[in-house]
Structures are given as C-alpha cells and as structure tokens.
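Residue numbers (our numbering): 750 to 879. Take a look at the structure below.
Structural data, given as structure tokens:
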C-alpha cells in the first residue's frame, strides 16, 4: 500500500492511492481529530474521546458541510493506548483500519414537535406572510 502526502489547495492531504481512502485534515495530539473520505466516497470524521478514537461515517448523499447525528450511518471506536497520538501516520493508520470495522447505526428517530416549536413555526409563517 502506498500512502503519499500531497499538497492540495494549501491543505495537507493524506491519500492511499490503492483504495481511494483520503484524510483531508488531521490534527494530532491528545485531542486528535480530523475528517476525510472513505474508499467508496463517503465522508467521515474522527475524534478522540478520553482514551478512545471515535470514527463516524456519514451517508453518501450528504448535502451539508456540517453533518449532524442524523447523518451518521456507521460508527467504530478503538483504544488509543497503543498508538502515538503525536504521530500523524499512526493516527491515520488507525482511522484507516477502523473504517472496515464500522458498524451500522439505527436511523435517528425524528423528533416530536413540541408545543413551543409548533407555536414558533406558526408565528414565523405569519411574520413571513406580512
């Protein structure tokens, strides 16, 4: 497997040319985090929470730059006790290894509309109609 680091529009881009896996941004250290694209074109984000690295893979038809919990289709996590969080290659390798281990999550249930939310929605419609 060939992993290259390239310059791409002023940002660091770590790409695995054999699988299409790419990390568009990675911050190393105790609070390591970043985001990228899986081999099949889905976006993902990862972050460290205590002693775990948590990976979230988002749905394919994502139309926003900032996904929310409803956009998550799979998650994976692993302990970071055995890797050097200050080494970019170690963090990227762990993320790459976690992608195939990600398990699908149940679809988020739509929230029930509260009375206050319904009132504000109607008030907004009245104001827009003026």
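Note that beta-carbon positions come from the ideal geometry of N, C-alpha and C, so glycine has one too.
- For the pair residue 793 and residue 865, the Cα-to-Cα distance works out to about 34 Å.
- With contacts defined by Cβ atoms closer than 8 Å, residue 783 and residue 835 do not form a contacting pair.
- Beyond the five residues adjoining it in sequence on each side, residue 805 comes within less than 6 Å, by CB distance, of 794, 821, 824 in the same chain, given in chain order.
- If you check the CB distance, residue 790 and residue 772 do not come in under 8 Å.
- 8 Å or more divides the Cβ of residue 797 from the Cβ of residue 819.
- The three-state secondary structure of residue 770, taken from DSSP, is coil.
- Note that the C-beta distance between residue 827 and residue 801 is below 8 Å.
- DSSP, read as helix, strand or coil, puts residue 853 in strand.
- Ranked by Cα distance from residue 847, the first of 775, 774, 787 is 787.
- Note that the C-beta distance between residue 838 and residue 770 is not below 8 Å.
- Under the DSSP assignment, residue 847 falls in the alpha helix (DSSP H) whose first and last residues are 837–847.
- In this structure, the alpha-carbon of residue 803 lies about 10 Å from that of residue 851.
- Judged by DSSP in its simplified three-state form, residue 864 adopts helix.
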